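K.L.:
Protein chains: 2
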Amino acid sequence: MSATDHAARAAALQRFLLERIPPTRALGLRVARYDGATLVLAAPLAANVNDKGCAFGGSLTSLLTLAGWGLIELALQARGFDCDVFVQDSEVRYLAPVWNDFEAVATLAEGESWDAFLAALAERGKARTRVACTVPGDAGAPAATLVARFVAKRRG
Amino acid sequence: MSATDHAARAAALQRFLLERIPPTRALGLRVARYDGATLVLAAPLAANVNDKGCAFGGSLTSLLTLAGWGLIELALQARGFDCDVFVQDSEVRYLAPVWNDFEAVATLAEGESWDAFLAALAERGKARTRVACTVPGDAGAPAATLVARFVAKRRG
Numbered sequence: 001m002s003a004t005d006h007a008a009r010a011a012a013l014q015r016f017l018l019e020r021i022p023p024t025r026a027l028g029l030r031v032a033r034y035d036g037a038t039l040v041l042a043a044p045l046a047a048n049v050n051d052k053g054c055a056f057g058g059s060l061t062s063l064l065t066l067a068g069w070g071l072i073e074l075a076l077q078a079r080g081f082d083c084d085v086f087v088q089d090s091e092v093r094y095l096a097p098v099w100n101d102f103e104a105v106a107t108l109a110e111g112e113s114w115d116a117f118l119a120a121l122a123e124r125g126k127a128r129t130r131v132a133c134t135v136p137g138d139a140g141a142p143a144a145t146l147v148a149r150f151v152a153k154r155r156g
Numbered sequence: 001m002s003a004t005d006h007a008a009r010a011a012a013l014q015r016f017l018l019e020r021i022p023p024t025r026a027l028g029l030r031v032a033r034y035d036g037a038t039l040v041l042a043a044p045l046a047a048n049v050n051d052k053g054c055a056f057g058g059s060l061t062s063l064l065t066l067a068g069w070g071l072i073e074l075a076l077q078a079r080g081f082d083c084d085v086f087v088q089d090s091e092v093r094y095l096a097p098v099w100n101d102f103e104a105v106a107t108l109a110e111g112e113s114w115d116a117f118l119a120a121l122a123e124r125g126k127a128r129t130r131v132a133c134t135v136p137g138d139a140g141a142p143a144a145t146l147v148a149r150f151v152a153k154r155r156g
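Each protein sequence line maps, in turn, to chains A and B. When the letters of the first sequence are read in order and numbered with my numbering, they come out as residues 1 to 156. When the letters of the second sequence are read in order and numbered with my numbering, they come out as residues 1 to 156.
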């Protein structure tokens, strides 16, 4: 797929999220970048601030989870799969407070592969994979991380 | 503490959350009940719906995390501790879709005790404890669970 295809899919994902999942509008969600392997979502601090003036943990987790979900959705769409994608479980670590607008960066987790995931989906109509998502913090260290397992089920 | 004290603290917590943490207004958060051992928060499906018509996972996690945070805040306030309380990490399981308005029920996790937590806080000015939170689903089975570790630090 070309960079133009990726940009078009990223724009369509943003429209879908904002139109069909109202809580994403409260987050102020934006799709920042997509290159086929990494999806980056962004949100402003102002809409997601807590009583201490930094980002509310629930908003960080929402953006992280949506980044993982979106990464899988885009990978499936690009390969012609029509699926429902659900988050099954996740582990979140809040490592440092976030004092600015923030991003959530999603990639496939270590040890996972699109080939294995898509082969299982083609064979059984259902497959699981894990995604690793990070909110970058100061000096390159992560401010929050999430590892989540998602299930995809073919429709119809 | 009397039931009247608990109700007053619950009402004050709701005011604090809605005034000081704007994302709680988007959730439509309400403090439903507090009895000194269990805190129950509630949110409407309409504000938290996803593309499938059930509750958005990020909203479930936000309400679960806030229930855990609130449980610790109220316990500390009742005992005269002035602390900052932060979530450190959490594990979330999404067990069943939620098709209605929902609640998040927070209690101290198994193996934890307020006495041990408060003793550590009094001695070192900082302490950790784990909270177990559940979104009840149909027929008494949980629809989502969260176990989270919180840190409290005395102020000043």
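The C-beta atom is built at its ideal place from N, Cα and C for all residues, glycine as well. Everything numeric in this text was worked out from a predicted model, so none of it was measured.
Cβ of A:Leu-64 versus every heavy atom of the ligand FAD: is any distance shorter than 7 angstroms?
P.N.:
With respect to small molecules bound, the structure shown includes none, and the ligand FAD cannot be examined in it.
K.L.:
Quick one, which of B:Gly-28, B:Thr-61 and B:Arg-15 has its alpha-carbon nearest A:Ala-148's?
P.N.:
B:Thr-61
K.L.:
Residues of chain A with a CB under 8 angstroms from the CB of B:Asn-100: which are they?
P.N.:
Correct list: empty, because the minimum Cβ distance to chain A is about 16 angstroms.
K.L.:
Of all the residues that make up the stretch 44-66 of chain A, which are near chain B by a beta-carbon distance shorter than 9 angstroms?
P.N.:
Ala-46, Ala-47, Asn-48, Val-49, Asn-50, Asp-51, Lys-52, Phe-56, Gly-57, Gly-58, Ser-59, Thr-61, Ser-62, Leu-63, Leu-64, Thr-65 and Leu-66
K.L.:
Which same chain residues, not among the five before or five after A:Arg-79, have their C-beta less than 7 angstroms away from its C-beta?
P.N.:
So the list reads Leu-118, once near-sequence residues are dropped.
K.L.:
What are the complete beta strand (DSSP E) segments, minimum 3 residues, inside the stretch 10-73 of chain B?
P.N.:
Taking only runs of at least 3 residues, the beta strand (DSSP E) segments lying wholly in the stretch 10-73 of chain B are 30-34 and 39-43.
K.L.:
DSSP three-state label for A:Glu-110, please.
P.N.:
Residue state for A:Glu-110 is assigned as coil, using DSSP reduced to three classes.
K.L.:
Within 8 angstroms of any Cβ in chain A, is that where the Cβ of B:Ser-2 sits?
P.N.:
no
K.L.:
In chain order, what residues of the same chain have a beta carbon less than 6 angstroms from the beta carbon of A:Glu-163, not counting five sequence neighbours either side?
P.N.:
Outside the displayed span of chain A (1 to 156) sits residue 163 of chain A, for which this structure offers no information.
K.L.:
Excluding the 5 residues flanking A:Gly-53 on each side, which residues of the same chain have their C-beta closer than 8 angstroms to its C-beta?
P.N.:
Excluding sequence positions up to five before and after A:Gly-53, its CB lies within less than 8 angstroms of the CB of Trp-99, all in the same chain and listed in chain order.
K.L.:
Any beta-carbon of chain A closer than 8 angstroms to the one on B:Ile-72?
P.N.:
no
K.L.:
List the residues of chain A that B:Val-87 touches, going by C-beta distances under 8 angstroms, in chain order.
P.N.:
Per Cβ cutoff of 8 angstroms: Gly-57 and Tyr-94.
K.L.:
Residues bridged to B:Ala-78 by DSSP?
P.N.:
Looking at the DSSP assignment, B:Ala-78 forms no beta bridge with any residue, so it has no partner.
K.L.:
Does chain A have any CB closer than 8 angstroms to the CB of B:Arg-33?
P.N.:
no
K.L.:
Do the stretch 19-36 of chain B and the stretch 92-108 of chain A touch if we need at least three Cβ pairs shorter than 8 angstroms?
P.N.:
no
K.L.:
Between B:Thr-65 and A:Gly-57, how many whole angstroms is the CB-CB distance? I'm expecting something under 8 angstroms.
P.N.:
6 angstroms
K.L.:
Taking a contact to mean a Cβ-Cβ separation below 8 angstroms, would you say B:Phe-150 touches B:Gly-68 in this structure?
P.N.:
yes
K.L.:
Since B:Ser-90 sits in a beta bridge, which residues does DSSP pair it with?
P.N.:
A:Val-92 and B:Ala-148
K.L.:
Return the residue from the list A:Ala-46, A:Ala-12 and A:Asn-48 that minimises the CA-CA distance to A:Val-31.
P.N.:
A:Ala-12
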